[in-house]
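Asker: In the numbering used here, the protein residues as written are 6 to 107. Even for Gly, the Cβ is constructed at its ideal location relative to N, Cα and C. Quick caveat, the model's predicted, so the values are computed rather than measured. What follows is a single structure, and I will ask about it in a moment.
Written as structure tokens, this is what we have:
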């Protein structure tokens, strides 16, 4: 028995939502500690490039899950790039601030 197209689409949307959340904890941690020292610039650049290409592919294929997941991840990645430059200009602390417990 073949799974329905709706089921496959729903699985894609759940996967995209989980994928979209992968960078969120890093964004929160970077903001709370006011430090992006541990973030690799090349990793962010390659990741953003990959997400842009996935967005082009998703737009061509009219694939909502790919567009959704990669669009949100690209936003978070660009936010991390911004933090990396912003905190460097502010003079990042030698030792990052501890993340709040909670």
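Could you give the DSSP three-state label for residue 106: helix, strand or coil?
Answerer: Indexing the chain shown from 1 puts residue 106 at position 101. The answer is coil: DSSP assigns residue 106 none of H, G, I, E or B.
Asker: Among the candidates 45, 39, 10, whose CA atom is the shortest distance from the CA of residue 95?
Answerer: On the chain shown, residue 95 is found 90 positions in, with the first residue counted as 1. Of 45, 39, 10, the residue nearest in Cα terms is 39.
Asker: Should the region 80 to 89 be regarded as contacting the region 19 to 31, the criterion being three or more beta carbon pairs within less than 8 Å?
Answerer: Cβ pair count under 8 Å is three or more, so yes.
Asker: Would you report the Cα separation of residue 69 and residue 59, rounded to the nearest angstrom?
Answerer: Here residue 69 refers to the residue found at position 64 of the chain shown. Here residue 59 refers to the residue found at position 54 of the chain shown. For residue 69 and residue 59, the distance between alpha carbons rounds to 11 Å.
Asker: Whose C-alpha, out of 41, 90, 80, is nearest the C-alpha of residue 24?
Answerer: Within the chain shown, the letter at position 19 stands for residue 24. The candidate whose alpha carbon is nearest that of residue 24 is 80.
Asker: Apart from the five residues just before and just after residue 77, which ones in its own chain have a Cβ nearer than 7 Å to its Cβ?
Answerer: On the chain shown, position 72 is the one that residue 77 refers to. Cβ within range, chain order: 25.
Asker: Does the beta-carbon of residue 74 have 16 or more other beta-carbons within 10 angstroms, so that it is buried, or is it exposed?
Answerer: Taking the chain shown and counting its residues from 1, one reaches residue 74 at position 69. Under this definition residue 74 is a buried residue.
Asker: For the putative contact between residue 35 and residue 44, defined by C-beta atoms under 8 Å, what is the C-beta separation to the nearest angstrom?
Answerer: Taking the first residue of the chain shown as 1, we reach residue 35 at position 30. Taking the first residue of the chain shown as 1, we reach residue 44 at position 39. Confirmed, about 7 Å.
Asker: Go ahead and label residue 63 buried or exposed: buried means 16 or more other beta carbons lie within 10 angstroms of its beta carbon, across all protein chains shown.
Answerer: Position 58 of the chain shown holds residue 63. Buried: at least 16 other Cβ atoms inside 10 Å.
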